[in-house]
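Enquirer: Residue numbers (this note's numbering), protein chains in the order written: chain F, 22 to 134; chain B, 22 to 134. Glycine included, C-beta positions come from ideal geometry on N, C-alpha and C. Keep in mind it's a predicted model, so treat the numbers as computed, not measured.
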DNA sequence: AGATTTATTCTACTTTGTAGTTTAAATTAT
DNA sequence: ATAATTTAAACTACAAAGTAGAATAAATCT
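Structure follows, in structure tokens:
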């Protein structure tokens, strides 16, 4: 089976969405921060990079090292962006989940009709 | 960390949704069939039961053996249903994903405004 | 040069996802 | 009554994804 046809894990989805959300400012620290802010998910930085690397190996994200900026200390940032096939994979995962939710209503939830 | 506070894997979500969707008729074979029909995901029966068992251990589903029916051969069915905490976990996962999608628009997709 | 800051890489382990084979319990045909 | 058939679950083993924590690197500042 082609890698492109596999589903993404949930954490992988979160990372892809974070990167898309952050645009030009997507790198380790900001991604981690966004996850903490938006969905209260605190992952260690190690967990993050491991998954990012796997996503890159599968071709779902691309990365490039940033220039050393003159305004601050610290190592260069590694910027990430979602590839076209990453977006496709994301879309597939979303659709599958939507389809599954379609005829399910949880107790205490409202029906949409 | 409490088990109830952890996120579900994506396949776990699919199983919970299948069970909810099937209502009184949720057991191994029908769940497998539903996954194949709805989202073209073909899992082996072994994969299915393994995950079902783990979900049960975590308290997200409950099971009971069905009566032997007089109308057909074959072993008794094991019926599954989603527990209250299973529903909660599902709701949390859905919300997290919704939040993450909120300010993301994929190429070629429509904005909702 | 040494301290500080910012950020990535490495290593190891746990949990989830997945397949394939085996076993079990019922009915049906001989 | 027993062997064949049907339906379905249990078991075993491995691959992939999720997670943590320490180590390392590359800048700037004093």
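Do residue 59 (chain B) and the ligand ADP come close, with the Cβ less than 7 Å from some heavy atom?
Expert: The ligand ADP is absent from the structure shown, which contains no ligands of any kind.
Enquirer: Could you tell me which whole beta strand (DSSP E) segments of length 3 or greater appear in the segment 86-118 of chain B?
Expert: 99-103
Enquirer: For residue 71 (chain B), tell me which candidate among B:46, B:28, B:33 and B:130 has the shortest Cα-Cα distance.
Expert: B:33
Enquirer: Report the rounded CA-to-CA distance for residue 51 (chain F) versus residue 74 (chain F), giving the unit in angstroms.
Expert: Distance between the alpha carbons of residue 51 (chain F) and residue 74 (chain F): 16 Å.
Enquirer: Would you tell me roughly how many angstroms separate the C-alpha atoms of residue 48 (chain B) and residue 85 (chain F), rounded to the nearest one?
Expert: 48 Å
Enquirer: Taking the alpha helix (DSSP H) that residue 58 (chain B) belongs to, which residues open and close that run?
Expert: Where residue 58 (chain B) is concerned, the enclosing alpha helix (DSSP H) stretches over 49-60.
Enquirer: Just how far apart, CA to CA, sit residue 29 (chain F) and residue 118 (chain B)?
Expert: 13 Å
Enquirer: Where DSSP assigns a beta bridge to residue 83 (chain B), which residues make up the other side?
Expert: B:102
Enquirer: I believe residue 66 (chain F) touches residue 53 (chain F) by the beta-carbon criterion, under 8 Å. Please report the beta-carbon distance rounded to the nearest angstrom.
Expert: 6 Å
Enquirer: Within 10 angstroms of the Cβ of residue 130 (chain F), are there 16 or more other Cβ atoms? Answer buried if so, exposed if not.
Expert: exposed
Enquirer: For residue 111 (chain B), I'd like the list of residues in its chain whose CB is within less than 6 Å of its CB, leaving aside the five on either flank, ordered along the chain.
Expert: 37
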